[in-house]
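Report on one structure; see the data block that follows.
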Amino acid sequence: MAYRDLTSKFYAKRSNVNRHQQHQLNSKQLNGISPYLSHLLNSSSKNHRRGHEALLRDIDNHERAHESRPVWAESVEKLNDLTRQLNLKIDFLQKIHTRRLMVRFDDSEAQQDHEIDLLTREISVLFRHSESSLQRLPRSITSASTAAESQVFVNIQRCLASRLQDMSNRFRSIQRDYMNELQTQRQKSELFGLSDDGPHRFRRSNLQSFAIAADQDEYAILAREREIQRIAKSIVDLSSVFKALSNMVIDQGTIVDRIDYNMNMVVDRMEMGMKELRRAEKYQANSRSTRCIYLLLTLISMCFGILFLKHANPFVD
1 MAYRDLTSKF YAKRSNVNRH QQHQLNSKQL NGISPYLSHL LNSSSKNHRR
51 GHEALLRDID NHERAHESRP VWAESVEKLN DLTRQLNLKI DFLQKIHTRR
101 LMVRFDDSEA QQDHEIDLLT REISVLFRHS ESSLQRLPRS ITSASTAAES
151 QVFVNIQRCL ASRLQDMSNR FRSIQRDYMN ELQTQRQKSE LFGLSDDGPH
201 RFRRSNLQSF AIAADQDEYA ILAREREIQR IAKSIVDLSS VFKALSNMVI
251 DQGTIVDRID YNMNMVVDRM EMGMKELRRA EKYQANSRST RCIYLLLTLI
301 SMCFGILFLK HANPFVD
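The sequence shown runs 1 to 317 under the UniProt record's numbering.
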């Protein structure tokens with residue numbers, strides 16, 4: 001939701017009103033005061049007024065700097081906040097997975113499964129929101145934007161898309177590892193349930209306790225299967241987000257090629273520039289003004305030689 005920060009403008013208006021009221025109060029009080037004191041008070045009020053004006057100028061400069069920001073800067077800040085939230089939630093999800101896979105002797109597995117389900121849904125919603133915000137980001141570019149601003153915007157968009165893709169790959173790997181661990185525990189539980197050699201070796205009480213344990217193991221296996229199905233569903237829901245992010249990041253391979261091409265163009269143009277500089281030096285050396293300077297220097301040296309010969313021989317008139 002967009003908003004406008006009017007706090008600085010409110011401070012400016014309030015300071016103007018307070019300054020006007022203080023000026024009126026000082027003018028009323030100065031009527032019955034000596035000229036020397038009135039001069040001191042006027043000088044102090046002028047200094048106070050200058051301080052207020054400097055403060056107002058700082059506020060105006062801050063407002064101009066805030067208004068000179070690009071339109072898409074706020075959207076980029078929101079996306080950065082979303083990525084920070086995703087990082088925190090993914091780290092917390094990994095910790096919950098670790099606690100859930102530990103062997104426990106209480107009934108906290110259902111509560112942990114519920115927490116994992118809720119956190120997975122929140123992460124999926126954040127991924128969808130980030131993907132939609134990233135797709136709406138080009139709409140904030142206006143026609144008045146310069147080529148440099150557009151290039152900076154494209155680079156920032158690709159960086160955000162790459163960051164989201166890295167986080168999505170991490171989330172998928174965490175979910176995949178958790179699913180594999182659950183399947184491994186289920187297989188071990190099934191093997192433990194089938195390790196009986198026959199009911200004829202146990203007494204009836206042992207058979208009843210073993211049946212209860214088998215029912216509990218079957219319930220745990222069903223719960224793990226439901227958890228695996230939920231994880232698979234969340235991974236399928238995120239497939240569209242991954243496709244959109246891959247389409248945005250697929251152009252990053254061409255960025256390196258563009259950089260290489262630009263570097264080659266820079267080298268070629270530098271060589272052409274050096275050739276032009278050498279040609280300009282030759283032209284400058286063979287220019288008309290340079291020839292005139294050389295001719296004048298030659299004539300001056302000849303005149304100095306004639307004068308030297310004239311004054312050196314005393315018999316010459």
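Even glycine gets a Cβ: it sits at the ideal position worked out from N, Cα and C.
Inset, instruction - Can you tell me which of the three DSSP states Asn87 falls into? - result: What you label residue 87 is simply residue 87 of the sequence shown in a count that begins at 1. If DSSP states are grouped into helix, strand and coil, Asn87 belongs with the helices.
Inset, instruction - Answer yes if the segment 111-129 comes into contact with the segment 152-159, meaning at least three C-beta pairs across the two stretches below 8 Å, and no otherwise. - result: no
Legend entry - Leu307 in three-state terms, based on DSSP: Looking up residue 307 in the sequence shown gives position 307. Here Leu307 sits in helix by DSSP.
Legend entry - Euclidean distance between Cα positions of Met272 and Arg163: The sequence position of residue 272 within the sequence shown is 272, counting from 1. The sequence position of residue 163 within the sequence shown is 163, counting from 1. Taking the straight line joining both Cα atoms gives about 40 Å.
Inset, instruction - With DSSP as the reference, label His200 as helix, strand or coil. - result: By one-based count along the sequence shown, residue 200 stands at place 200. With a pLDDT of 44 at His200, under the threshold of 50, the modelled position of this residue cannot be trusted; read the value that follows with caution. Looking at His200 - three-state DSSP - the assignment turns out to be helix.
Inset, instruction - Would you check if the distance between the CB atom of Leu126 and the CB atom of Leu86 is smaller than 9 Å? - result: Walking along the sequence shown from the start, residue 126 turns up at place 126. Walking along the sequence shown from the start, residue 86 turns up at place 86. A contact, by the Cβ cut-off of 9 Å.
Legend entry - Leu119 vs Leu101 beta-carbon contact at 9 Å: For the purposes of this step, residue 119 is taken as the residue at position 119 of the sequence shown. For the purposes of this step, residue 101 is taken as the residue at position 101 of the sequence shown. Their beta carbons are not under 9 Å apart, which means Leu119 does not touch Leu101 by this criterion.
Inset, instruction - Measure the alpha-carbon distance for Phe308 versus Ser301 and round it to whole angstroms. - result: As a working note, residue 308 is residue 308 in the sequence shown. As a working note, residue 301 is residue 301 in the sequence shown. Cα to Cα, Phe308 sits roughly 10 Å from Ser301.
Legend entry - Buried versus exposed call for Val76 [16 or more other C-beta atoms within 10 Å across all chains shown]: Position 76 of the sequence shown, counted from the start, is the residue given in the question as residue 76. Buried, by the Cβ-count rule.
Inset, instruction - Return the first residue and the last residue of the alpha helix (DSSP H) that Ser287 is part of. - result: Locating residue 287 in the sequence shown gives position 287, where the first residue counts as 1. Per DSSP, Ser287 belongs to no alpha helix (DSSP H) and is neither H nor E.
Inset, instruction - Measure from the alpha carbon of Ser132 to the alpha carbon of each residue in Lys78, Leu296, Tyr261 and Leu297, then state which is nearest. - result: Against the sequence shown, residue 132 aligns to sequence position 132. Residue Lys78 is the option with its Cα nearest to Ser132.
Legend entry - Bounding residues of the alpha helix (DSSP H) (the contiguous stretch that carries Leu137): One-based indexing of the sequence shown puts residue 137 at position 137. First-last for Leu137: undefined, no H or E at that position.
Inset, instruction - Tell me whether the beta-carbon of His129 lies closer than 9 Å to the beta-carbon of Leu82. - result: Within the sequence shown, numbered from 1, the residue matching residue 129 stands at position 129. Within the sequence shown, numbered from 1, the residue matching residue 82 stands at position 82. Cβ distance < 9 Å, so His129 and Leu82 count as in contact.
Legend entry - Buried versus exposed call for Leu134 [16 or more other C-beta atoms within 10 Å across all chains shown]: The count along the sequence shown starts at 1 and reaches residue 134 at position 134. Leu134 should be labelled buried.
Inset, instruction - Alpha carbon to alpha carbon, how far is Leu295 from Ser289? Give it in angstroms, no decimals. - result: Taking the first residue of the sequence shown as position 1, residue 289 is located at position 289. Taking the first residue of the sequence shown as position 1, residue 295 is located at position 295. Rounded to whole angstroms, Ser289 to Leu295 spans 10 Å at the Cα level.
Inset, instruction - Rounded to whole angstroms, what's the CA-CA distance from Gln151 to Ala73? Just pull it up for me. - result: Walking along the sequence shown from the start, residue 151 turns up at place 151. Walking along the sequence shown from the start, residue 73 turns up at place 73. When rounded, the distance between both Cα atoms is 14 Å.
Legend entry - Three-state secondary structure assigned by DSSP to Leu295: On the sequence shown, residue 295 is found 295 positions in, with the first residue counted as 1. Correct three-state label for Leu295: helix.
Legend entry - Within 9 Å, strictly: CB atoms of Arg170 and Ile90: On the sequence shown, position 170 is the one that residue 170 refers to. On the sequence shown, position 90 is the one that residue 90 refers to. A contact, by the Cβ cut-off of 9 Å.
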